[in-house]
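Residue numbers (this note's numbering): 93 to 689.
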Amino acid sequence: MRWLSTSAAVLFAFFQLTATKPLISKRWDDFDVKHAWADIPKGWELHAPAPSDHTFDMRIGLKQDRFDELLTALYEVSDPYHPKYGKHLSKGEVEDLVAPHPETVSVVDSWLSAHGVEPASVQRENGGSWITVKVNVEQASRMLNASYGVYRHGQTDDYVVRTTSYSLPRILHDHIGVVTPTTYFSTMRTMKATSFLQPQIEALQDGDADIAHKLINPGSLATVPSSCSTTITPACLRALYNTSTYVPKATATNSIGIAGYLDEFANTADLQTFFRRFRTDAVGGTFKTVQVNGGGNDQSDPGVEANLDIQYTEGITFPTPNVYFSTGGSPPFTPDSNTPTNTNEPYLDWLNFILAQSSIPQTFSTSYGDDEQTVPFDYATNVCNLFAQLGARGSSIMFSSGDDGVGAGDCRTNDGKNIERFQPNFPASCPFVTTVGGTIRVNPEVAVSFSGGGFSNYFARPSFQSSAVSTFLTKLGTTNSGLFNTSGRAYPDVAAQGQGFQVVIGGRVNSVGGTSASSPTFAGVIALLNDFRLSKGEAPLGFLNPIIYSTGVAGFNDITSGSNPGCGTNGFTATAGWDPVTGLGTPDFGKLQALIG
Ligand SMILES: *[C@@H]1O[C@H](CO)[C@@H](O)[C@H](O)[C@H]1NC(C)=O
Ligand SMILES: *[C@@H]1O[C@H](CO)[C@@H](O)[C@H](O)[C@H]1NC(C)=O
Ligand SMILES: *[C@@H]1O[C@H](CO)[C@@H](O)[C@H](O)[C@H]1NC(C)=O
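Below, the structure written as structure tokens:
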């Protein structure tokens with residue numbers, strides 16, 4: 093049946109075409125701009141025209157025929173009041189819903205053929221909705237009426253092949269969502285890893301045996317030790333977020349994944365040292381490294397971000413299986429060679445890899461991001477939609493909210509208007525991820541000043557947060573008016589500690605801070621909730637946002653002081669209820685167990 097209707101569609105398209113356009117080739121020249129920058133993205137300069145015989149993998153995201161049905165399904169399975177709550181979709185069910193229409197496949201195939209790309213050589217992923225073809229610069233420039241150049245990043249000395257604008261034949265705009273690599277310049281190295289070492293905070297060293305000992309057994313302490321105000325260990329977090337007495341039971345089925353980029357490698361020896369210092373019952377606990385798209389695993393080069401992530405997800409979730417995904421994509425690029433090189437599209441590489449697995453972790457944490465305005469709109473929406481697929485499959489996706497408050501630097505827009513606006517982060521601004529801001533101190537916790545927060549200019553406010561955010565905006569009045577988009581998706585959704593984390597790097601304990609610490613912490617608590625649900629034979633939590641903004645609200649410690657200055661302003665202020673500094677607050681595992689467990 094499908095075959096019949098496909099060929100009928102092709103025939104129909106063919107007759108239409110011959111009837112209205114005398115020259116088949118003509119329609120491929122009728123270009124309309126898909127995305128263009130006003131200026132070369134900040135930090136980059138044109139180094140040279142791209143050699144015409146330089147080859148690369150072009151990845152094309154096709155329009156997903158029934159994507160609205162996927163979204164309906166996602167919200168049904170994530171809404172605790174819906175009869176389908178928890179009935180997550182299988183890989184096959186998701187792929188059926190995101191598959192392109194046969195007509196899309198045929199029109200795109202004939203465009204590829206017209207440019208000398210054999211449809212048989214096309215690699216098809218994600219239900220056929222993402223296709224990869226090998227092209228050279230000359231072909232790509234003709235296909236997209238683009239002018240590819242070799243661009244160099246002044247600070248990092250990265251070279252990439254990109255174009256400042258690209259077009260598609262007019263008739264393909266209804267069929268193609270995004271083409272890469274084109275105008276997304278931010279490479280892996282310039283993606284901001286939202287963590288930093290804090291030499292000013294003294295790390296706990298071996299001499300501090302007394303305090304270290306006390307911190308290993310939080311269950312025996314009536315209150316959270318005051319030392320947790322300056323130095324954070326797993327014991328602080330387990331006491332603060334009320335997980336100390338919980339023993340994971342579903343470790344045969346439950347797992348947590350950490351997405352790693354930028355040649356950040358998680359070190360196994362450092363994890364053991366960390367356990368011996370801060371969680372002795374976990375000594376011997378391990379994690380698995382999965383290498384995606386040529387990602388490395390150099391055990392002689394421990395990464396600050398990678399070690400922070402794995403030590404804290406494991407420090408909270410032990411003995412739950414932890415999986416570290418090391419995604420490749422920043423090889424040395426030789427600007428004058430024509431050998432195929434990796435195209436530096438980290439989110440896409442990772443997402444397409446994960447979505448191709450039939451069984452995936454129920455919880456994920458990612459601590460990387462970009463300024464939203466530096467990510468082309470078409471690229472951002474297509475990547476965000478892939479996160480929706482992960483949610484439909486039953487995974488909870490956590491992202492750091494960023495470390496610049498409402499924005500760093502002069503916060504000028506890059507649309508040619510050069511006006512001052514707060515700078516939201518992506519993927520933090522994608523409605524299908526749960527974005528985690530940062531706190532500091534204990535009894536009470538307060539917002540940490542770098543906690544990224546704000547309002548998307550790309551994604552409209554989803555209904556799950558409309559009432560929480562309207563309440564905040566009403567209280568806010570005219571403060572910061574004109575500097576942010578009142579109708580945008582607002583974040584963070586939640587928060588967790590973000591400063592003074594004790595992390596073992598190369599055998600030594602360092603203090604590390606950033607919302608990079610907050611995301612794995614919050615994800616660890618969610619992984620325990622998933623353990624609890626799975627141990628009772630229930631489905632994992634999946635896409636969290638609908639449930640945390642409804643039945644889960646009372647399971648959070650509301651953070652009501654502190655602010656996130658930036659862009660030369662005081663930013664926003666944490667207040668009772670949701671706010672764009674700490675979201676709904678920090679998790680209380682015991683209460684969340686009762687409410688949504
Ligand atoms: C192709 O792009 C160039 C700029 O690079 C532009 O001047 C030209 O009009 C475009 N052609 C079409 C058919 O849109
Ligand atoms: C504000 O956000 C909406 C989406 O909610 C978007 O359509 C609009 O373009 C944004 N406005 C600005 C000025 O970015
Ligand atoms: C911790 O969780 C328990 C349930 O396990 C709950 O009764 C208690 O109120 C929680 N403690 C705090 C400090 O919130």
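Idealized CB from N, CA, C, for every residue including glycine. Just so you know, these numbers come straight off a predicted model, no measurement behind them.
Original post:
Are Val673 and Phe664 close, meaning C-beta to C-beta below 8 Å?
Top reply: Locating residue 673 in the sequence shown gives position 581, counting from the first residue. Locating residue 664 in the sequence shown gives position 572, counting from the first residue. Contact: yes.
**OP:** Find out if the Cβ-Cβ distance for the pair Phe479, Trp442 is shorter than 8 Å.
**Re:** The residue given as residue 479 occupies position 387 in the sequence shown. The residue given as residue 442 occupies position 350 in the sequence shown. No.
Original post:
Of all the beta strand (DSSP E) runs that stay within the bounds of the region 524–604, which reach a length of 3 or more residues?
Top reply: 526–532, 546–552, 580–583, 586–589 and 593–597
**OP:** Rounded to whole angstroms, what's the CA-CA distance from Leu260 to Met235? Just pull it up for me.
**Re:** Numbered from its first residue, the sequence shown carries residue 260 at position 168. Numbered from its first residue, the sequence shown carries residue 235 at position 143. Each residue's alpha carbon lies about 7 Å from the other.
Original post:
Rounded to a whole number of angstroms, what is the C-alpha to C-alpha distance between Ala484 and Asp121?
Top reply: The residue labelled residue 484 in the question sits at position 392 within the sequence shown. The residue labelled residue 121 in the question sits at position 29 within the sequence shown. Cα to Cα, the separation comes out at about 39 Å.
Subject >> Identity of the residues DSSP links to Lys136 by a beta bridge >> reply: The sequence position of residue 136 within the sequence shown is 44, counting from 1. For the record, residue 136 in the displayed sequence is Trp; it is not Lys. Answer by DSSP bridge pairing, in chain order: His245.
Original post:
So which of Ile489, Gln156 and Thr378 has the shortest CA-CA distance to Gln364?
Top reply: Stepping through the sequence shown from its first residue, residue 364 is reached at position 272. The shortest Cα separation from Gln364 among Ile489, Gln156 and Thr378 belongs to Thr378.
Subject >> Inter-residue spacing [alpha-carbon to alpha-carbon] between Ala609 and Gly529 >> reply: As a first step, residue 609 is located in the sequence shown; it is residue number 517 there, counting from the start. As a first step, residue 529 is located in the sequence shown; it is residue number 437 there, counting from the start. So the alpha carbons of these two residues sit roughly 10 Å apart.
Original post:
Within the 8 Å Cβ cut-off, does Phe367 reach chain B?
Top reply: Checking the listed chains, one finds no chain B in this structure; it contains a single protein chain.
Original post:
Is DSSP giving Phe36 helix, strand or coil here?
Top reply: This structure gives no information on residue 36, because the portion of the chain shown stretches from 93 to 689.
**OP:** Assign Pro141 to buried or exposed, taking buried as 16 or more other Cβ atoms, counted over all protein chains shown, within 10 Å of its Cβ.
**Re:** The residue given as residue 141 occupies position 49 in the sequence shown. Under this definition Pro141 is an exposed residue.
**OP:** Give me the Cβ distance between Arg254 and Tyr240, rounded to the nearest whole Å; I'm assuming they're in contact under 8 Å.
**Re:** In the sequence shown, counting from the first residue as 1, residue 254 sits at position 162. In the sequence shown, counting from the first residue as 1, residue 240 sits at position 148. Right, their Cβ atoms sit about 7 Å apart.
**OP:** Return the first residue and the last residue of the alpha helix (DSSP H) that Gly483 is part of.
**Re:** Sequence index remark: in the sequence shown, residue 483 carries index 391 (1-based). Counting along the chain, the alpha helix (DSSP H) containing Gly483 begins and ends at Phe469 to Ala484.
Subject >> Spatially closest choice to Val534 from Tyr333, Met150, Ile293 and Ala361, by CA coordinates >> reply: Your numbering for residue 534 matches position 442 in the sequence shown. Ranking Tyr333, Met150, Ile293 and Ala361 by Cα distance to Val534 puts Tyr333 first.
Original post:
In its own chain, which residues sit with a C-beta less than 7 Å from the C-beta of Phe445, not counting the 5 before and 5 after it?
Top reply: Counting from 1 along the sequence shown, the entry for residue 445 is found at position 353. If we look at Phe445 and ignore the five residues flanking it on each side, its Cβ neighbours are Val384 and Asn385.
**OP:** State yes or no: is the C-beta of Lys126 nearer than 7 Å to some heavy atom of ligand 3?
**Re:** On the sequence shown, position 34 is the one that residue 126 refers to. Outside the cutoff, so no.
Original post:
Once you ignore the five residues that flank Lys179 on each side, which residues in its own chain have a CB closer than 6 Å to its CB?
Top reply: Translated into the one-based positions of the sequence shown, residue 179 becomes position 87. Once the five neighbours on either side are set aside, the close Cβ partners of Lys179 are Val169.
Original post:
Are the region 195–215 and the region 649–669 touching by the rule of at least three beta carbon pairs closer than 8 Å?
Top reply: no
Original post:
Name the DSSP beta bridge partners of Gly153, please?
Top reply: Position 61 of the sequence shown, counting from 1, holds the residue named residue 153. For Gly153, which the question treats as bridged, DSSP gives the partners Trp222 and Val270.
**OP:** Please go through the region 347–389 and give each complete beta strand (DSSP E) segment of 3 or more residues, from N-terminal end onward.
**Re:** 348–352 and 380–384
**OP:** Taking 8 Å as the cut-off, decide whether the C-beta atoms of Cys328 and Pro340 are in contact.
**Re:** Locating residue 328 in the sequence shown gives position 236, counting from the first residue. Locating residue 340 in the sequence shown gives position 248, counting from the first residue. No. Outside cutoff.
**OP:** With a threshold of 7 Å, establish whether the CB of Gln215 neighbours any heavy atom of ligand 3.
**Re:** Sequence index remark: in the sequence shown, residue 215 carries index 123 (1-based). Checking the Cβ of Gln215 against ligand 3 gives no.
Original post:
In terms of residues, what are the limits of the alpha helix (DSSP H) holding Ile263?
Top reply: Residue 263 sits at position 171 when you count from the first residue of the sequence shown. Careful: Ile263 lies outside any alpha helix (DSSP H) and carries neither H nor E.
Original post:
By how many angstroms is the C-alpha of Val229 removed from the C-alpha of Thr419?
Top reply: Position 327 of the sequence shown, counted from the start, is the residue given in the question as residue 419. Position 137 of the sequence shown, counted from the start, is the residue given in the question as residue 229. Rounded to whole angstroms, Thr419 to Val229 spans 25 Å at the Cα level.
**OP:** Name the two residues that bound the continuous beta strand (DSSP E) containing Phe491.
**Re:** Taking the sequence shown and counting its residues from 1, one reaches residue 491 at position 399. Run containing Phe491: Ser488 to Ser492, per the beta strand (DSSP E) assignment.
**OP:** Please list, in chain order, all residues of the same chain as Pro172 whose beta carbon is under 8 Å from its beta carbon, the five residues on each side excluded.
**Re:** Translated into the one-based positions of the sequence shown, residue 172 becomes position 80. Here the set comprises Pro638, Ile639, Ser642, Thr643 and Ile688.
Original post:
What is the rounded straight-line gap between the Cα of Val467 and the Cα of Thr607?
Top reply: Walking along the sequence shown from the start, residue 467 turns up at place 375. Walking along the sequence shown from the start, residue 607 turns up at place 515. Computed Cα separation, rounded: 20 Å.
Subject >> Sequence ranges, alpha helix (DSSP H) only - wholly within the region 613–671, length at least 4 >> reply: 637–640
Original post:
How many angstroms separate the CA atom of Arg158 from the CA atom of Val190?
Top reply: For the purposes of this step, residue 158 is taken as the residue at position 66 of the sequence shown. For the purposes of this step, residue 190 is taken as the residue at position 98 of the sequence shown. Cα to Cα, the separation comes out at about 6 Å.
Original post:
What's the C-alpha gap between Pro194 and Tyr276?
Top reply: What you label residue 194 is simply residue 102 of the sequence shown in a count that begins at 1. What you label residue 276 is simply residue 184 of the sequence shown in a count that begins at 1. Approximately 28 Å, taken between the alpha carbons.
**OP:** Starting from Val186, follow the alpha helix (DSSP H) in both directions and report where the run begins and ends.
**Re:** Taking the first residue of the sequence shown as 1, we reach residue 186 at position 94. Element bounds for Val186: Lys183 to Val190.
Original post:
For Ser487 versus Gln454, is the C-beta spacing smaller than 8 Å?
Top reply: Residue numbering aside, residue 487 sits at position 395 when the sequence shown is read from its first letter. Residue numbering aside, residue 454 sits at position 362 when the sequence shown is read from its first letter. A contact, by the Cβ cut-off of 8 Å.
**OP:** For Gly395, name the three-state secondary structure that DSSP assigns.
**Re:** In the sequence shown, counting from the first residue as 1, residue 395 sits at position 303. In the structure shown, Gly395 sits in coil (DSSP, three-state: anything other than H, G, I, E or B).
**OP:** Assign Tyr173 to one of three DSSP states: helix, strand, or coil.
**Re:** Indexing the sequence shown from 1 puts residue 173 at position 81. Correct three-state label for Tyr173: coil.
Original post:
Between the Cα of Phe367 and the Cα atoms of Ile408, Thr381, Thr343 and Gln391, which residue gives the shortest distance?
Top reply: By 1-based counting over the sequence shown, the position of residue 367 is 275. Of Ile408, Thr381, Thr343 and Gln391, the residue nearest in Cα terms is Ile408.
**OP:** Look at the alpha carbon of Ile532 and the alpha carbon of Thr667, and state the distance between them as a whole number of angstroms.
**Re:** Position 440 of the sequence shown, counting from 1, holds the residue named residue 532. Position 575 of the sequence shown, counting from 1, holds the residue named residue 667. When rounded, the distance between both Cα atoms is 15 Å.
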